[in-house]
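Below is one structure, written out as structure tokens; comments come after it.
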Amino acid sequence: MILPVIMAGGTGSRLWPLSRDLMPKQFLKLDGQQTMLQATVARLAGIDAVAPLVICNEEHRFIAAEQLRQISQLDHNIILEPVGRNTAPAIALAAMTAIKKGTDPLLLVLAADHVITNTAAFRAAVEQAALFATEDNLVTFGIVASAPETGYGYIKRGNARGVGFAVAQFVEKPNQTIASQYIQSGEYYWNSGMFMFKASVYLTELKQHRPDIFAACERAMAEVDPDLDFIRVNKDAFLACPDDSIDYAVMEKTASAIVVPLDAGWNDVGAWSSLWDISAKDAHGNVHQGDVLSSNSHNNYIFAETSLVATVGLENTVVIQTKDAVLVAARDKVQDVKAIVQQLKAAGRTEHKIHREVYRPWGKYDSIDNGQRYQVKRITVKPGEKLSIQMHHHRAEHWIVVSGTANVTVDGKDTLLSENQSIYIPLGAIHALENPGKIPLELIEVQSGSYLGEDDIVRFSDRYGRA
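If you read the sequence shown in the UniProt record's numbering, its first letter stands for residue 1, the second for the next number, and so on.
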């Protein structure tokens with residue numbers, strides 16, 4: 001049995017302003033109709049595998065759950081990390097989860113933010129890796145290198161083992177000269193960060209080489225708290241776990257590492273230039289996403305989220321427009337976008353962390369206007385969903401229904417509102433909002449008061465476990 005384990009942590013800061021702390025790249029639609037997480041699950045079709053385990057951060061839990069629900073893959077299969085501790089502990093949690101259920105599957109460890117264009121070649125490589133993993137080897141997938149990339153680690157192959165090779169060495173990201181030597185030798189692959197092995201074999205190797213990580217994860221799994229579709233581990237125990245990657249903790253130390261070559265159009269989409277590389281281009285080498293007009297412009301990547309973006313005489317440039325930020329960067333300098341993110345953090349701003357449009361388990365809201373003592377939001381509530389029963393110390397609210405039906409509770413009194421009707425929520429009133437209808441509820445919320453932060457919410461009851 002193959003159990004896919006999809007790593008969906010990380011923030012993808014080099015893809016700012018689209019990728020942000022609370023909506024990182026693995027949950028975005030960057031190159032198709034599906035998000036990167038959904039596309040990762042979709043490429044498992046044709047592989048004899050059970051439903052995947054997804055590992056993500058606590059703050060991304062509802063996004064991950066909704067995206068799995070949309071593709072009918074949500075089944076109490078999301079492991080929540082209280083804090084990021086790198087890949088070695090995360091994979092240990094997945095392995096222990098499987099073994100606690102009385103199984104010892106082959107774990108197929110994948111990243112949620114990779115692009116693979118040749119799914120047939122990917123599936124063939126998985127089948128080859130399974131043969132090695134069944135024999136208690138720890139398999140890594142080595143990407144057949146097409147260029148001397150300096151942004152990837154490399155794997156040096158050793159003696160041939162059928163369609164694979166013994167791993168001779170893992171090496172760090174090289175400089176340009178050394179990377180060119182690697183490519184010329186034909187003995188090196190890019191390190192994909194994808195693996196396959198038995199759950200029990202991984203745990204045995206981890207316990208041997210990093211007993212501290214193994215023990216911390218074992219303690220974290222001793223008290224698992226089932227919560228909706230999530231698997232919550234013991235927070236204090238996991239906080240005490242050392243931070244280390246599977247490469248350092250296990251793969252570089254084991255005597256049973258095998259590399260299986262993978263030539264499947266792989267890309268880790270680490271920067272905007274990567275998206276330009278893999279996207280279809282027009283006759284002038286441009287990639288346009290959204291409402292874009294170009295004149296005498298060549299070899300650009302232009303993304304327009306909500307408004308028209310026009311370019312004149314632009315070359316080798318990346319332009320990314322979102323509702324609250326615009327990035328303009330030379331295409332060969334986009335690796336440095338993370339420096340802008342650091343500046344945003346240092347200045348105490350929020351554009352690195354959250355989008356203007358924010359997704360919640362009940363729907364979403366868009367902050368469309370704000371001032372010193374007011375804020376206006378467009379709120380969408382999914383059919384059958386309900387916001388928490390709550391109150392605010394510092395603000396009053398006025399709700400105007402645009403479409404759909406709202407059931408509003410204020411201090412114990414229910415009011416049913418339809419299109420063009422409104423209601424006032426006084427400061428301090430205990431209130432709730434529910435969509436009892438069959439279509440999405442759209443309303444405009446006007447907040448007014450001395451403090452309008454999202455942390456001015458006192459929850460009394462919440463169906464999503466946030467009270």
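Even glycine gets a Cβ: it sits at the ideal position worked out from N, Cα and C.
**Request:** Check whether the Cβ atoms of LEU28 and LEU18 sit closer than 8 angstroms, and answer yes or no.
**Result:** Yes, Cβ-Cβ distance for LEU28 and LEU18 is below 8 angstroms.
**Asked** Taking buried to mean at least 16 other C-beta atoms within 10 Å of its own C-beta, is GLY164 buried or exposed?
**Response** With 16 or more Cβ atoms within 10 Å of its Cβ, GLY164 is classed as buried.
**Item:** Candidates ARG349, GLU135, GLY384, LEU110, of which the one nearest TRP362 by Cα
**Value:** Of ARG349, GLU135, GLY384, LEU110, the smallest CA-CA separation from TRP362 is found for GLY384.
**Prompt:** Rounded to a whole number of angstroms, what is the C-alpha to C-alpha distance between CYS217 and CYS241?
**Reply:** Spanning the two alpha carbons is a distance of roughly 7 angstroms.
**Request:** Give the DSSP bridge partners of SER403, in chain order.
**Result:** Bridge partners of SER403: GLU442.
**Request:** Take SER256 and list the residues in its own chain whose beta-carbon comes closer than 6 angstroms to its own, dropping the five residues that flank it on each side.
**Result:** Here the set comprises ASN137, LEU138.
**Prompt:** Apart from the five residues just before and just after residue 495, which ones in its own chain have a Cβ nearer than 7 angstroms to its Cβ?
**Reply:** This structure cannot settle anything about residue 495, because the visible part of the chain is limited to 1 through 467.
**Asked** Where do the N-terminal and C-terminal ends of the alpha helix (DSSP H) with HIS352 fall, by residue?
**Response** Per DSSP, HIS352 belongs to no alpha helix (DSSP H) and is neither H nor E.
**Message:** In whole angstroms, give me the CA-to-CA distance for THR87 and ILE320.
**Reply:** Computed Cα separation, rounded: 30 angstroms.
**Prompt:** Based on the DSSP secondary-structure assignment, which residues constitute the bridge partners of LYS386?
**Reply:** For LYS386, which the question treats as bridged, DSSP gives the partners GLU434.
**Prompt:** Is ARG85 helix, strand or coil by DSSP?
**Reply:** Coil at ARG85, not helix or strand.
**Asked** Rounded to a whole number of angstroms, what is the C-alpha to C-alpha distance between LYS323 and ARG69?
**Response** Their backbone Cα atoms lie some 27 angstroms apart in a straight line.
**Asked** Closest to ALA429 by CA distance: which of LEU452, LEU443, GLU419, ALA396 is it?
**Response** Residue ALA396 is the option with its Cα nearest to ALA429.
**Message:** So, for ASN118: in the same chain, excluding its five sequence neighbours on each side, which residues have a beta-carbon less than 6 angstroms away from its beta-carbon?
**Reply:** So the list reads ALA264, GLY265, once near-sequence residues are dropped.
**Item:** Segment limits, alpha helix (DSSP H) that includes VAL167
**Value:** Membership of VAL167 in any alpha helix (DSSP H) is not indicated; the residue belongs instead to the beta strand (DSSP E) covering 164 to 171.
**Request:** Report the partner residues of PRO361 according to the DSSP bridge assignment.
**Result:** Looking at the DSSP output, PRO361 bridges to nothing.
**Item:** Beta-bridge pairing of CYS56 - partner residues as DSSP gives them
**Value:** Within the DSSP secondary-structure output, CYS56 pairs in a beta bridge with LEU80.
**Request:** Below 7 angstroms CB to CB, which residues in the same chain sit around GLN208 once its five sequence neighbours on both sides are set aside?
**Result:** Sequence-distant Cβ neighbours of GLN208 in its own chain, meaning closer than 7 angstroms and more than five residues away, do not exist here.
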